[in-house]
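Chains C, U, E and H are the protein sequences, given in the same order. Counting in the working numbering, the first sequence runs from 8 upward without gaps. Counting in the working numbering, the second sequence runs from 8 upward without gaps. Counting in the working numbering, the third sequence runs from 6 upward without gaps. Counting in the working numbering, the fourth sequence runs from 6 upward without gaps. Single-structure report; data block below.
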Amino acid sequence: MDLRDGPEEAAFRATLRTWLAANVPAELRGLRGWTGPALALGRAWSKRLAGAGYAGLTWPKEYGGAGQPWRYQAVYLEELAKAEAPQHLGVIGLGMAGPTIIAHGRPDQKARYLAEILSADDIWCQGFSEPGSGSDLASVRTRIELVGDHFVVNGQKVWSSYAHIADRCILLGRSAVTGEKHEGLTYLVVDMKSPGVEVRPLRQITGEAEFNEIFFTDVAVPKENLLGEIGGGWRVAMTTLSHERGTFGFALAGALDVAVRKLVALARERAGADALVRDRVAREWIELQALRYTNYRALAHLERTGAPGPEGSVAKLRWSEANQRLTKLAIEIVGQESQVADGDGTAAYWRYQQLRSRGNTIEAGTSEILRNIIAERVLGLPRSR
Amino acid sequence: MDLRDGPEEAAFRATLRTWLAANVPAELRGLRGWTGPALALGRAWSKRLAGAGYAGLTWPKEYGGAGQPWRYQAVYLEELAKAEAPQHLGVIGLGMAGPTIIAHGRPDQKARYLAEILSADDIWCQGFSEPGSGSDLASVRTRIELVGDHFVVNGQKVWSSYAHIADRCILLGRSAVTGEKHEGLTYLVVDMKSPGVEVRPLRQITGEAEFNEIFFTDVAVPKENLLGEIGGGWRVAMTTLSHERGTFGFALAGALDVAVRKLVALARERAGADALVRDRVAREWIELQALRYTNYRALAHLERTGAPGPEGSVAKLRWSEANQRLTKLAIEIVGQESQVADGDGTAAYWRYQQLRSRGNTIEAGTSEILRNIIAERVLGLPRSR
Amino acid sequence: MDFSFSPEQDQLRAHARSFLEKRFPATRFAEIAMSEDGWDRASWPELARLGWTGASIAEAQGGAGQGFVEEAIVFEELGRALYAGPYFSTVALALPALACAPDLLAKVASGGLTATLAPDDPVRQSAGAKAKGAAVEARRAGDRWLLRGETDLVPDAGWVDAFVVEARGPDGIGLYLAERHDARPLIRVFDTVDTTRRLGRVTFDDDSARILAAPPAATAIIASTRRRALAALALEAVGVASFALALGVEHAKSRQQFGRPIGTYQAVSHKLADTYVETELARSLAYWAAWCVAEDDAQAELAAVAAKAYAAEAAVAACERAIQVHGGMGFTWDHPLHRYYKRALWIESFDRSGAAHRAEIAQALVAG
Amino acid sequence: MDFSFSPEQDQLRAHARSFLEKRFPATRFAEIAMSEDGWDRASWPELARLGWTGASIAEAQGGAGQGFVEEAIVFEELGRALYAGPYFSTVALALPALACAPDLLAKVASGGLTATLAPDDPVRQSAGAKAKGAAVEARRAGDRWLLRGETDLVPDAGWVDAFVVEARGPDGIGLYLAERHDARPLIRVFDTVDTTRRLGRVTFDDDSARILAAPPAATAIIASTRRRALAALALEAVGVASFALALGVEHAKSRQQFGRPIGTYQAVSHKLADTYVETELARSLAYWAAWCVAEDDAQAELAAVAAKAYAAEAAVAACERAIQVHGGMGFTWDHPLHRYYKRALWIESFDRSGAAHRAEIAQALVAG
């Protein structure tokens, strides 16, 4: 047990920190939405990250990755958050689609897709959730029919980040309507420029659109875009989702670290003597340390066994609730001015964060589903459904 | 709408308050357990209450009651709590067995039982819960067999208050093991002095025994002790349980009122300047007012419709959680001395209250069951089982 | 001891609910919320005709001669319908001061005058205004007064015909009426999160005003206004919470996941049960506060503070749970829930935080 | 960056768990808890032979030459087994002061000396003692010292061979050793709710003592003792929480109501999931604190305070949820749960409340 960076990690961290200080464009900090001029900035930033070797840190070298252990990805996420730098626009390609293709793809698929993910030339999105299938993913209804040498896709996906700028989509749909519902699923790579694909931004309670709906109308997808087998989509999708959780906790703790620092500054400035505020600030600081060190324990487990433990669910569950409490506390400190969206930077910042935080317990696995997962898979309790 | 006492209620309250000031023996205050000398005091106190006309306030006059509207019972419970006077030992007879007999009993049963309940000559207990049937009352297994002109009872009941001093028991048991489980139940009055009845006190985490187990071994119960019909016990039991909730909320709010006053005194004495303590004290005071005025709303509903509304479940649910928080706060104020059971009066008082409070969310309907009741019966949500 | 509404009061509620449901269905109020003005001005004379603007105004002045309990019913129903318009500003915030002048009461009753309160309370100003030490000063000019200064975060500032201004004169804080048609203060309406109740900044530059209450009398009116305002918001919050609960219950009954309505899962149903319980407790506190305000009971201050603190938090929690029960859909702009949530947050932020209100109560308990 | 235990440390834990499970099954520890003495004295030499009393003592003094991380493992396992005996007192509270005298360390390692700390901290005295202004004074008498005064709520006061006393001498607070065989202080053991760790009052009447650390040096030792004690209790709390969780999960799997195991109900399963989550977070904090204490890291103070505050509350909540999941059975004297609950409450009450600990952290954050 040693909670300090080893010499190689320390060197990697120092280099990265220096690089970030020199390379994060000021106009990128806090950018959201990736439309208009922000998109060009975001693309350039992603390419710069890729060029400096910070994309695919844990991907095997044979596929163009850096072949580093997970701890490098952890350090990368910590430092990126600390610098308040935006994510690489290709997170879905790097973290989900790429590892899924590495695990289930044919050699020609690997050759075709992986390099463009790494170079940030191709942005990917995910087409899993549907209006009728949120928590219950196995119930997706988007139809996939094999017609001659191509699939025809019809249906609607929802909650898809990056879809409005994506080049490709990993899509889970239904190729058989009879039999066990998990067994009728098929997993495709869809070119987002195909005729019949329509993306509509989904405006959320903050007033901004960060997610999208994707409508598929008679979209033709070449047969070679099949990942895994027809009817074998569930297993491929599980690979995608398990990769979502690998070092996800580090990104969350990194974001929370920034939020806690801003909260402390706000409290110091506007409510330094308020014992109730202090108590709640200390709670969130403790929660942050608890998540941080739980991540380190998870990382040790991941590096030893190669498989992510249940800590990913733990981190997501607690981060979402902490972020909701923390942003609520911040608007309480701000007072009635928190109702003014065009007020000074502080009020508007926290107002946005607070409204946005309500999605945290819903997106990427609702808190209810995460508690089910913990109860059933970790504690071995009988299924509640 | 008028939240003041009307002239008649005001007079009743004033008389009662004066009577209590003159009649509650000092050695009775805070007594628990009803064993040894406490029992004699408790019996004498109950008879004194009955003698002064404070038993059966809402019972019909034809059965020896005072025939008053429910608000008199509410005032009675408020004032009894305020005086920190113990309950009438016959609460189960007065509040549950008696009203059940009035609703379902034959004239000979009414003649035989009701007067002794009112006079406090007979103490009653309740034999419903079993080790295997806590929340799921319809699954009770105590066997009731009709053999000639009497029933034979075999089985075990648990969590029975007053059983160690009771003269009679209202017992729900199973007379048929086939068919729908609700339809095989039968409801009897059992003489607690019958051969084969054994009562064992159940020691709880406070170290005291307030509840009992009752073991029935080939207990003969005369056929005329049947209440309702053979196989019709479920309906009779529902009457018993609905009466449990009538003005129950007033007793709970009364107890909470006393607890809040003691908490305020403790906070004033030992933590008057602590903003966190003040915040939590204010929360409990507000909760108390919320329960108090919810009770008044429930009372208005009860008097208008004759049927208790869902507020009984609301009051029990929230009172139990408030009492747990409140007693926890008190031991936190007391500090490490709260670990000493033989310390001064304050520490020992709160220590007992805090441990005892853990039963509040379990006894008389667990919080889980109460939330089910609210979800299903009030909100009309589908059953969770 | 009778905590029930009279048949007339029950009828007022039933009538209000059906009027508002028809007049402002969910599609309509989203339109209103997103409109430039944020208000359906044509609705105000209708409210006046229903007797709501003059509920507690004496019949001699054209009112209904009722009291705060009737207004409380209207506040709850307006909250439930998320009514956009200066009813809270006019009836809760301005009316106690306007009562100093019978001519004004008649105008309120008839629907001819809307007003709001520009408070002199540093807690209720923005950080920017606080830094500037903003306040309004009153200076006598013949039989009129001139106001000068700035006040911030004024509810419905962009809509109302008149401002009741807490301004500092030579003898302390008094209450002044600045009518828009002759005072013409500079008004900046902020982009408020709850677009149906926008806040604004009001700047007076020697604008003409009429005195409503001079310093010693003004203090009592300001205190009673605060009690009314807190009780009114508690009632609005109860309306908001009830509607959010109803939406959540409806969704839990109809939405299927894993082959069953999601309301069969206790993670959903118990959350809704808790919302029901908290809403009922908030309702009890709000009705208690309403009765205390109506009767000018000695407990009115504590009751109003307690009710507002509790009901606001209950409404916020009710909306948050409803959003969670709705899943992603509850997080979208097109669903009505976020508008209720933003109103609940607005209510919560008004006057002081729940923590500050509890500190007031604790002060009375522990010191008292 | 490696947050994992070494194979040797994993083995220590596995060995400790199996030893304690065999040596102190649930029936046995109930007997011990209800015994007059409250302790199985024969177990102490066994702990010494296992190398636990001397885990962090140098091999030259007969110890195992390990560190606080190994002791942390033992604390967690002793908490899980609800061990009754002065391990916490001797190894967490007394050892840093005893380290001033190598002869004493050797006795601790061999199992020949148990000790506790009699603190000079007004927060850690009873209200009665506080009112009396109780404290211990030290006066020089040749090469020995005489102690006089009273100290309260001393853990395991009835069991130990010696007291490390924080006493006020002419130059401030120093650390003194009063061994029972020659000092003979008056000891009153209180009827403590957690009978497996009883508190006592110790009264010195010019009792003979040996100085361990004079005033300036003593301050640093007192501070490091507090860090060790808080980290040790955080680990015990994690052990308590883990065991309560295990009992709750087992019950939820086997207990049937309405024809199904109660663990199928989310009202039960989600409560247990929350216990799991909080226990794991507490564990992370406790291991972090243990490492900081072992390494004398600059963050040791904050880490120990945070870990104790969080883990104690997590353990209390874990026991409360387990009691609730057990229904009436969890509320009975015969079930082991209440003993775990009482230990959790004991831990929570030690030193200061969670709120006071968070205030320390906030002071560092907001002021720093």
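Ideal placement from N, C-alpha and C gives every residue a C-beta, glycine not left out. Values in this document were obtained by computation on a predicted structure and should not be read as measured data.
Taking 8 Å as the CB threshold, Arg326(E) stays off the interface with chain U. Against chain E, the beta carbon of Ala272(H) has neighbours under 7 Å at Gln271 and His275, listed in chain order. Setting aside the 5 residues that flank it on each side, Met334(H) is surrounded in the same chain by His340, each with a C-beta closer than 7 Å to its C-beta; the list follows chain order. Neighbours of Gln262(H) in chain U, taken as residues whose beta carbon is under 9 Å from its own, are Gly139, Ser140, Gly141, Ser142, Asp143, Ser146 and Arg392 in chain order. Residues are counted here when their Cβ sits less than 8 Å from a Cβ of chain U; for the segment 71–83 of chain H the count is zero. Boundaries of the alpha helix (DSSP H) around Lys323(U): Glu318 to Val341. The three-state secondary structure of Trp164(H), taken from DSSP, is coil. Counting the other Cβ atoms within 10 Å of the Cβ of Val243(E) gives 16 or more, which makes it buried. In the structure shown, the three-state DSSP call for Pro127(E) is helix. Residues of chain C whose Cβ lies closer than 8 Å to the Cβ of Thr197(E) are, in chain order, Gln346, Val347 and Ala348. Residue state for Asn302(C) is assigned as helix, using DSSP reduced to three classes.
Going by beta carbons, Leu182(E) and Ala143(E) fall outside the 8 Å limit. With contacts defined as CB atoms closer than 8 Å, Arg233(H) and Val298(H) qualify as a contacting pair. As a beta-bridge residue in DSSP terms, Lys164(C) pairs with Ile221(C). Rounded to the nearest whole angstrom, the C-alpha separation of Pro14(C) and Val160(C) is 51 Å. For Gly67(E), same chain residues with a beta-carbon under 7 Å away, outside a window of 5 residues either side, are Gly59, Ala111, Ala114 and Ser115 in chain order.
Listed in chain order, the alpha helix (DSSP H) runs fully inside the segment 52–127 of chain U are 77–89, 105–111 and 114–125, counting runs of at least 4 residues.
By the C-beta density criterion, Leu191(H) is exposed, having fewer than 16 other C-beta atoms within 10 angstroms.
Taking 8 Å as the threshold, the shortest C-beta distance from Leu109(H) to chain C does not fall below it. Contact with chain U is absent for Ser247(E), since none of that chain's Cβ atoms lies less than 8 Å from the residue's Cβ. A Cβ-Cβ contact shorter than 8 Å links Ala272(E) with His275(H). In the DSSP assignment, His157(U) is bridged to Val154(U) and Pro229(U). For the pair Lys230(C) and Ser201(C), the Cα-to-Cα distance works out to about 14 Å. The beta carbons of Ala322(H) and Glu283(H) sit about 6 Å from each other, so the pair counts as a contact at 8 Å. Per DSSP, the continuous alpha helix (DSSP H) segment holding Ser23(H) begins and ends at Pro12 to Arg28. Rounded to the nearest whole angstrom, the CA to CA distance from Ile226(H) to Ala369(H) is 21 Å. A straight line joining the alpha-carbon of Gly387(U) with that of Arg242(U) spans about 22 Å. The shortest C-alpha to C-alpha distance from Thr25(U) to any of Thr193(U), Arg290(U), Leu87(U) and Cys176(U) is the one to Leu87(U). Neighbours of Asp286(C) across chain U, judged by C-beta separation under 7 Å: Leu283. Going by DSSP, Thr193(C) is part of no alpha helix (DSSP H) but of the beta strand (DSSP E) stretching over Leu192 to Asp198. Taken in chain order, the members of the segment 345–368 of chain H whose beta-carbon sits within less than 7 Å of a beta-carbon on chain C are Ala360, Arg363, Ala364, Ile366 and Ala367. Under the Cβ distance rule, Val165(C) counts among the residues neighbouring chain E, one pair being separated by less than 8 Å.
Judged by DSSP secondary structure, Pro208(C) falls within the beta strand (DSSP E) whose first and last residues are Val204 to Arg210. Secondary structure of Cys176(C) (DSSP, three-state): strand. Three or more beta-carbon pairs separated by less than 8 Å link the segment 57–71 of chain C to the segment 82–101 of chain C, which places the two stretches in contact.
In the structure shown, the three-state DSSP call for Tyr359(C) is helix.
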